[in-house]
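Note sheet for the following structure.
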Amino acid sequence: MNRRPEEFRRFVGRLATAVVFVSMFAASAPGIAGSLIPHDGYRLAPGDVVAVSVWQEPGLEQLVLVRPDGGISFPLAGDLTAQGLTVQELADALKNRLLKFIPDPVVTVTLQEIPGNRIYVIGQVNKPGDFAIIARDVTVVQALAMAGGLTPFAKEKNIQILRKEGGSQRSIPFDYREIKRGGSLTQNVTLQAGDVILVP
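Numbering-wise (the UniProt record's numbering), the sequence shown opens with residue 1 and increments by one.
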């Protein structure tokens, strides 16, 4: 008796089960797929890495790091500012620079790594650490939620947001007690890359 048709059906059944399992896993773990891929509105920050390529120009294909000063360097294009631009805006800026050397260049920029846009929550929170802010505005309250909320020992009225501006650092006070009461909502500011929330 030929067992091959029966073995094939068993193989197909096992394959289908595996596919269902993988689909369920992917659906239950959105952080693994999707959340790491920024939307079109993501704006570059120092530390980000982009891949730049120019069609039919193999010598103009490389990974580029956004420097701490927000700029990048690219062959023929020289130095230009990348911080604050979307990948499409950066591609357009590179194209304008390359027009002097290449007729109608087709420039593609893709985001490879995003370590630049991160915030930090330290002190009396349940899950201190650094968190990526990707293509959306993150407020202080949201960041505290990302860090698992405050511990029972936190001094809610003495929270500070440490922010670098123009080479110096300033402290922004944050009173969580007032927020819980529904007051002083203007202090729930949108965070910037590099901000540190200190919860004493």
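A virtual CB, placed ideally from N, CA and C, is assigned to each residue, including glycine. If you're wondering where the values come from, they're calculated on a predicted model, not measured in any experiment.
Check	Outcome
How many whole angstroms separate the CB atoms of Leu198 and Gln142, which I take to be in contact at a CB cut-off of 8 Å?	Between Gln142 and Leu198 the Cβ distance is about 17 Å, and since that is not below 8 Å, they are no contact.
Span of the alpha helix (DSSP H) holding Leu144?	140-146
Alpha carbon to alpha carbon, what distance is there between Ile119 and Val138?	9 Å
Let me know the secondary structure DSSP gives Ser184 once reduced to three states.	coil
Would a C-beta distance cut-off of 8 Å place Gly47 and Val66 closer than the cut-off?	yes
In the structure shown, what three-state DSSP assignment does Tyr176 receive?	helix
Measure from the C-beta of Gly41 to each C-beta in chain C and report whether the shortest distance is under 8 Å.	The structure shown contains no chain C; it is built from a single protein chain.
Keeping to the same chain, check which residues put their C-beta closer than 6 Å to that of Ser53; ignore five residues upstream and five downstream.	Glu61, Thr108
Which residues mark the beginning and the end of the alpha helix (DSSP H) in which Asp92 is found?	87-98
What is the residue span of the beta strand (DSSP E) that Ile159 lies within?	159-165
Taking the straight line between their C-alpha atoms, what separation do you get for Leu185 and Ala91?	38 Å
Spatial neighbours of Gln187 within its chain, please: CB distance less than 6 Å, with the 5 preceding and 5 following residues excluded, ordered by chain position.	Phe174
Note down the Cα distance separating Arg170 from Arg163, rounded to an integer number of angstroms.	5 Å
I'd like to know whether the C-beta atoms of Leu80 and Ala93 end up nearer to each other than 8 Å.	yes
Just the C-alpha distance for Gln192 and Gly84, rounded to the nearest angstrom, thanks.	11 Å
Less than 8 Å between the beta carbons of Ala147 and Gly129, yes or no?	yes
Between the alpha carbons of Ala154 and Thr110, how many angstroms are there, rounded?	41 Å
Going straight from the alpha carbon of Ala51 to that of Pro105, what length do you get?	16 Å
If you follow the beta strand (DSSP E) that Pro58 is in, where does it begin and where does it stop?	57-65
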